[in-house]
Amino acid sequence: MSKEKISSHLESSGIAVSAIINRPSEEGGGYFVYVNLVRGADGSASPSKQKILILEKELAERGLAVGFILTDNHLLDIEAGLRATLLANHSDMIRNVFLSLEGGEAKVWLEPKADIKTAMPKITGTARAYLELSKVKLQSIILTADDFLPANFAILSVLRTISPASLGELSSALVAKKFSVPSDDWVRRKLEALRKKNLVVWIKSDGHMPHTYTLTLKGLKALGTKKNRSSPDISRVLAICHSSS
Amino acid sequence: MRLVADHLREQALARTGTDDFDEFGRSAFNRYYYATFLMIREKFYMMGVLQVGQELPHANVPERLRGTLKKEFSKARLKIHRSGDKELTGKIHSAESAVEDLARMIEEAKAIRTLADYEPETAIVLSRRGFSLVDVDIEAAKAWPQKAEGYLRVIESAWRQINV
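Protein chains in written order, with this note's numbering: chain H, -10 to 234; chain F, 176 to 339.
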C-alpha cells in the first residue's frame, strides 16, 4: 500500500519511478526509490537535488521514509566517449579514464601509464573540448597513480621523530615508512628548500660525524601536535628509546 | 571476484531469451558489488582504518568514508595549508573528492545489489550495452571495481602522507 502511495505521489510530481523496494531494517527501514536521471538540452539533470530533498520531506510528512537512488545512463555515455577520445589521442600516456558528474560539472579521473605532467595541458584541452559538446564543464582532472614520493609535510614529520638526523638516517626512515626516495641527493635538495623557508636547520658536526638536520620552532609549529595516542611527542620518545636500545 | 562477475556477465549474455538470463544477470550485479566492497575493506585494513579481521557491515562503508576518512582529511588539509605545503594540500583535496565519489558509488552499487538479490520481480532487461537492472547498465556495474581501485589509490596516497 505504501509503495503505491509513494509511486502515485512521485508520478503526480512528474517523476518516473523505475522501482521501489523495502529498505533493510538494519539500515533504518522505509523504502528505496530508484529514479533514472534525465538530462536536458543544457546538460542539467532532472530531477534536481533540491527537488529530491523536497520530495523526501513531503513523503516523510506522510510517514513514508524514502531514500532515493539516482541512476544516470547519460554519465555512462559521456564517460565512454571521453575515454575513447582520450585513449585515441594519448594512448601512450593514459591507461584508463573515468568520470564523476555533479551539478553539470565533471571530475575526470586519469590513470596514467607514464609521467604525464608535460602532456597535461594538451590532455586537459582535449577533455574540455569533448565535455563541452555534452554541455558539461570540466571541473578538474585528477591522476589516480602515485609515485609515493614523500611530501614536505611527511619529510618534516619523520624528521621531527628522529631529529637530529643525518641525510642517510632521514632517507632510511622515509624508506621504512614505505615512501619512494630517489636518492640521498633528492632528500638533500628537499631539505635545502625547507631550510630556506626556515622550517629546518642544518647542524654542523664535530669531527668525522655526518652533519645533521633538525626542525626549527617555525617547523614544529607548522606541523602542530596531537594530544592523543598518536601524539608526535610520544612517537619521538619511542623512537629515542628504540635507537638507544 | 571480478573474474567471477565477468564470467557471470558473459554467461547471462549467452543466455538471452532463456529463463537463466535473469538469474545470471542479477548474480553478475551481485558479484561486481562484492568485488568493490572487498576491495574497499582490504584497503581499510591496509590503511589502519579497520583493525585486521574487524567486521565491516555493508551499510557502514559510506559512513566510514564520509565520517572517519573525510573528517581526517579535512582536518589535515587545514593544518597542512597553514604549513604552506601547496602540493600536499592539493593531494588531500583530491582525496576528499575521491572519498565522496566512492561513497556515492558504493551506495548506488549496494542499492542495486539489494534489488538484484531480494526483488526477483524487478527483471533484468536487455539494453544497448548488454543488459540492465532499473536502468543501471551492467557496464556501469563492471566499472565499479575499476573506479574503486582508482579512488582508493588517490585516498591511500594522501593518507600515507598525513599518517607518518
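Every residue gets a Cβ at the ideal spot worked out from N, C-alpha and C, and that includes glycine.
Those residues which DSSP pairs with residue i across a bridge
i: Thr60 (chain H); result: H:Asn25
i: Val287 (chain H); result: Since the first residue shown for chain H is -10 and the last is 234, residue 287 (chain H) is missing from the structure and cannot be characterised.
i: Lys38 (chain H); result: Note: Lys38 (chain H) sits in no beta bridge, so no partner.
i: Ser129 (chain H); result: H:Lys96
i: Ala154 (chain H); result: H:Tyr202
i: Glu308 (chain F); result: The amino acid occupying residue 308 (chain F) in the given sequence is Leu; Glu does not appear at that position. Bridge partners of Leu308 (chain F): F:Val311.
i: Val164 (chain H); result: In DSSP, Val164 (chain H) forms no bridge with anything.
i: Pro101 (chain H); result: H:Ile83
i: Tyr20 (chain H); result: H:Asn11, H:Val55
i: Val241 (chain H); result: Because residue 241 (chain H) is not part of the residues shown, which for chain H are -10 to 234, the question remains open.
N-terminal and C-terminal residue of the alpha helix (DSSP H) that residue i is part of
i: Ala270 (chain F); result: 261 to 293
i: Phe248 (chain F); result: 245 to 258
i: Leu88 (chain H); result: Here Leu88 (chain H) belongs to no alpha helix (DSSP H); instead the beta strand (DSSP E) covers 83 to 91.
i: Lys317 (chain F); result: 313 to 337
i: Gly114 (chain H); result: 109 to 122
i: Ala187 (chain F); result: 177 to 189
i: Leu(-1) (chain H); result: -9 to 1
i: Ser202 (chain F); result: 195 to 222
Cβ-Cβ separation, residue j to residue i (assumed contact under 8 Å), whole Å
i: Pro199 (chain H); j: Leu156 (chain H); result: 7 Å
i: Val179 (chain F); j: Arg206 (chain F); result: 5 Å
i: Leu88 (chain H); j: Ile(-5) (chain H); result: Going by Cβ atoms, the distance from Leu88 (chain H) to Ile(-5) (chain H) rounds to 31 Å, so no, they are not a contact pair.
i: Val55 (chain H); j: Gly32 (chain H); result: With 8 Å as the limit, Val55 (chain H) and Gly32 (chain H) do not qualify as a contact, their Cβ atoms being about 27 Å apart.
i: Ile4 (chain H); j: Thr289 (chain F); result: So it is not a contact: roughly 21 Å between Cβ atoms.
i: Pro320 (chain F); j: Ala210 (chain F); result: 4 Å
i: Thr115 (chain H); j: Leu145 (chain H); result: About 38 Å; that fails the 8 Å criterion.
i: Glu275 (chain F); j: Lys245 (chain F); result: 7 Å
i: Ile215 (chain F); j: Ala291 (chain F); result: Not quite, the Cβ-Cβ distance comes to about 19 Å (not below 8 Å), so this is no contact.
i: Thr264 (chain F); j: Ile255 (chain F); result: 5 Å
Proximal residues of chain F, C-beta to C-beta of residue i below 9 Å
i: Gly213 (chain H); result: Lys254, Arg257, Ser258
i: Thr166 (chain H); result: Correcting the residue type first, residue 166 (chain H) is Lys in the shown sequence and not Thr. By Cβ distance, chain F contributes Arg335, Val339.
Neighbour list for residue i in chain F, Cβ cutoff strictly below 7 Å
i: Asp135 (chain H); result: Arg328, Ser332
i: Ile83 (chain H); result: Residues of chain F passing the Cβ test: none, with the nearest at roughly 12 Å.
i: Leu65 (chain H); result: Asp312, Glu314, Ala315
i: Ser89 (chain H); result: Asp276
i: Trp98 (chain H); result: Gly325
i: Ala143 (chain H); result: Gln336, Val339
i: Val55 (chain H); result: Per Cβ cutoff of 7 Å: no residues; Val55 (chain H) is ~12 Å from chain F at best.
i: Val147 (chain H); result: Val339
i: Ser7 (chain H); result: Val309, Asp310
Residue i CB to nearest heavy atom of the ligand ATP below 6 Å
i: Val97 (chain H); result: For the ligand ATP, the structure offers nothing, since it holds no ligand at all.
Residue span of the beta strand (DSSP E) that contains residue i, given as start and end
i: Thr201 (chain H); result: 201 to 204
i: Ile10 (chain H); result: 6 to 11
i: Leu53 (chain H); result: Per DSSP, Leu53 (chain H) belongs to no beta strand (DSSP E) and is neither H nor E.
i: Leu301 (chain F); result: 300 to 302
Residues that residue i contacts on chain H, provided the C-beta gap is smaller than 9 Å
i: Ala187 (chain F); result: Going along chain H, no residue has its Cβ under 9 Å from Ala187 (chain F), so there is no contact; the nearest lies around 18 Å.
i: Tyr293 (chain F); result: Ile10, Asn11, Pro13
Closer than 8 Å at the beta carbon, the chain F residues around residue i
i: Ile131 (chain H); result: Ser269, Ser272, Ala273, Val329
i: Lys40 (chain H); result: None at all; the shortest Cβ gap to chain F is about 18 Å.
i: Lys(-8) (chain H); result: Residues of chain F passing the Cβ test: none, with the nearest at roughly 11 Å.
Within chain H, partners of residue i - CB distance below 7 Å
i: Lys322 (chain F); result: Phe87
Chain A contact for residue i (CB, 7 Å cutoff)
i: Asn187 (chain H); result: In the displayed structure, chain A is absent; the protein chains listed are H and F.
Residues that residue i contacts on chain H, provided the C-beta gap is smaller than 8 Å
i: Glu247 (chain F); result: Under the 8 Å cutoff, chain H gives no residues; its nearest Cβ is about 11 Å from Glu247 (chain F).
i: Ala234 (chain F); result: Pro13, Glu15, Glu16
Does the segment 321 to 337 of chain F come within contact of the segment 118 to 134 of chain H, defined as at least 3 CB pairs closer than 8 Å? Segments in contact, yes.
Hey, is the segment 160 to 169 of chain H in contact with the segment 121 to 129 of chain H, meaning 3+ C-beta pairs nearer than 8 Å? no
Is the number of C-beta pairs between the segment 111 to 121 of chain H and the segment 142 to 152 of chain H that are closer than 8 Å three or more? Fewer than three beta-carbon pairs drawn from the segment 111 to 121 of chain H and the segment 142 to 152 of chain H are found closer than 8 Å, and the two stretches are therefore not classed as touching.
Three or more C-beta pairs below 8 Å linking the segment 253 to 271 of chain F and the segment 197 to 214 of chain H: yes
Per the contact definition of three or more C-beta pairs closer than 8 Å, is the segment 56 to 70 of chain H in contact with the segment 9 to 27 of chain H? yes
Three Cβ pairs or more, each shorter than 8 Å: is that satisfied between the segment 205 to 224 of chain F and the segment 295 to 308 of chain F? no
At least 3 beta-carbon pairs within less than 8 Å: the segment 134 to 145 of chain H vs the segment 169 to 184 of chain H: With the cut-off at 8 Å, the segment 134 to 145 of chain H and the segment 169 to 184 of chain H touch.
Answer yes if the segment 179 to 197 of chain F comes into contact with the segment 303 to 310 of chain F, meaning at least three C-beta pairs across the two stretches below 8 Å, and no otherwise. yes
Cβ contact check for the segment 226 to 242 of chain F and the segment 314 to 324 of chain F: 3 or more pairs under 8 Å: no
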